[in-house]
Amino acid sequence: MRRCADCKEEKEDGEFHPGQLRKPYPECKACRSKMAKAYRQKHPERVNKWRKQYRDTHPEQCARRKRAYTEANREMVNAAARKYRSTHLAAEIERKAQYRRLHPEVVRAQYFKHKYGITAEQKQAMFDGQRGLCASCGDPLIPGQQTHVDHDHATGQIRGLLCRRCNAAEGFLLGSALRAEKLAAYLKRNAPKLKIA
Numbered sequence: 293m294r295r296c297a298d299c300k301e302e303k304e305d306g307e308f309h310p311g312q313l314r315k316p317y318p319e320c321k322a323c324r325s326k327m328a329k330a331y332r333q334k335h336p337e338r339v340n341k342w343r344k345q346y347r348d349t350h351p352e353q354c355a356r357r358k359r360a361y362t363e364a365n366r367e368m369v370n371a372a373a374r375k376y377r378s379t380h381l382a383a384e385i386e387r388k389a390q391y392r393r394l395h396p397e398v399v400r401a402q403y404f405k406h407k408y409g410i411t412a413e414q415k416q417a418m419f420d421g422q423r424g425l426c427a428s429c430g431d432p433l434i435p436g437q438q439t440h441v442d443h444d445h446a447t448g449q450i451r452g453l454l455c456r457r458c459n460a461a462e463g464f465l466l467g468s469a470l471r472a473e474k475l476a477a478y479l480k481r482n483a484p485k486l487k488i489a
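Be aware that the sequence shown starts at 293, since it is given in our numbering, and climbs by one per residue.
Pasting the structure below:
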């Protein structure tokens with residue numbers, strides 16, 4: 293048993309943090325916690341500077357600690373995140389918009405990974421494999437927003453990269469080859485009337 297130098301209560305040895313050279317601190321854990329909190333409130337700039345220095349010099353350790361905490365407190369972390377988003381909605385929207393403006397390639401890569409299960413490198417390999425041409429009409433593809441990943445909506449299987457017009461046409465035709473053949477036949481029959489080149 294030891295007496296705390298701050299609260300003057302008799303406590304078990306386990307209630308005291310081991311200090312330098314394994315000599316316990318004179319204050320109990322509860323009192324030292326209160327002292328530390330008071331110090332953080334009195335010197336926030338100094339504490340934030342120390343924390344940033346530690347994070348910069350120990351990134352792996354901080355990441356491991358953060359992951360472990362998040363996994364152990366998943367519900368509490370998610371609830372706190374939801375609460376923050378609901379009370380800071382405008383700031384959250386602006387933060388996401390700013391991130392999209394600053395990192396368009398990263399956002400696009402995340403979109404393709406989430407929606408189609410392919411990486412930016414795999415999409416580029418498809419682009420190179422098609423020699424930068426639309427898999428349907430053969431027109432040159434414009435990298436970025438004008439290059440569409442075509443996939444079978446029933447199976448999710450990726451078929452190729454299409455230009456905006458072909459992707460829209462495929463969607464309106466409901467992915468049906470029979471509808472496409474009927475439309476092609478109709479256009480051929482009526483080409484002179486419609487003056488289609």
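We treat Cβ as the ideally placed atom computed from N, Cα and C, and that holds for glycine. All of these numbers come straight from a predicted model, not from anything done at the bench.
Quick check on DSSP: helix, strand or coil for Leu425? strand
How is Leu466 classed by DSSP in three states: helix, strand or coil? It is coil, neither helix nor strand.
Distance, Cα to Cα, Gln449 vs Leu466? 15 Å
Between which two residues does the beta strand (DSSP E) containing Ile450 stretch? 450 to 454
Arg442: first and last residue of the uninterrupted beta strand (DSSP E) it sits in: Per the sequence shown, the amino acid found at residue 442 is Asp instead of Arg. Annotation: the continuous beta strand (DSSP E) that includes Asp442 extends over 440 to 443.
Under a three-way DSSP split, which group does Lys358 fall into? Three-state DSSP puts Lys358 in a helix.
If you drop the 5 nearest sequence neighbours on each side, which residues of the same chain put their C-beta closer than 6 Å to that of Gly452? Ala427, Asp442
Using 8 Å for Cβ pairs, my map puts Lys303 next to Cys320. What's the rounded Cβ distance? 5 Å
Pick helix, strand or coil for Lys334, following the three-state DSSP scheme. helix
Going straight from the alpha carbon of Met418 to that of Pro396, what length do you get? 20 Å
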